[in-house]
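Residue numbers (the numbering used here): 1183 to 1331. Glycine included, every Cβ here is placed at the ideal spot set by N, Cα and C. Keep in mind the model is a prediction, meaning the values are calculated, not measured.
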């Protein structure tokens, strides 16, 4: 009976040590991670720009979260692929520029098979297609790597 009791004590101490190490490691990891610095201000005074826009945080201190609407590319936007500007090629033609291990979205609808390479969808994210006489919307999210038809 004493041996079992001793084993429980050793096991208990071991669990406490593991939990302590885990908590310490995560605490230090959180401190070392590069996290965005949040803007905190005790200033609750609402200010007004010359155009009448009201703000608490000076707009000059706000960092851009990405390009503005229509702000990508030479023509101020990368359009969705539309039925009239989608060019499908044969498997032999595609084999010249698509690697065997490349990711694609594949669609089979009413016995029609289509493949949408991610190297193209990563830029456009949306393809408006017409398959077997029906409009089909293909979407791809490069942030999470998912596609929906």
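Who are the near neighbours of residue 1294 in its chain, counting only those whose CB is closer than 7 Å to its CB and skipping five residues on each side? Correct list, in chain order: 1313, 1314.
Whole-angstrom distance between residue 1320 and residue 1330, CA atom to CA atom: A straight line joining the alpha-carbon of residue 1330 with that of residue 1320 spans about 6 Å.
Assigned exposure category for residue 1130 - 16 Cβ within 10 Å defines buried: No answer is possible for residue 1130: it lies beyond the span of the chain, which begins at 1183 and ends at 1331.
Status (buried if at least 16 other CB within 10 Å, exposed otherwise) for residue 1298: Burial state of residue 1298 is buried, judged by a 10 Å Cβ sphere holding 16 or more other Cβ atoms.
Can you list, in chain order, the residues of its chain whose CB lies under 8 Å from that of residue 1256, leaving out five sequence neighbours each side? A caution first: residue 1256 carries a pLDDT of 48, below 50, which makes its placement in the model unreliable, though a value can still be read off. Closer than 8 Å at Cβ, skipping near neighbours: no residue.
For residue 1197 and residue 1325, what's the separation of their Cα atoms in angstroms? Cα atoms of residue 1197 and residue 1325: separation of roughly 38 Å, rounded to the nearest angstrom.
Please state if the CB of residue 1300 and the CB of residue 1285 are separated by a distance shorter than 8 Å. Less than 8 Å divides the Cβ of residue 1285 from the Cβ of residue 1300.
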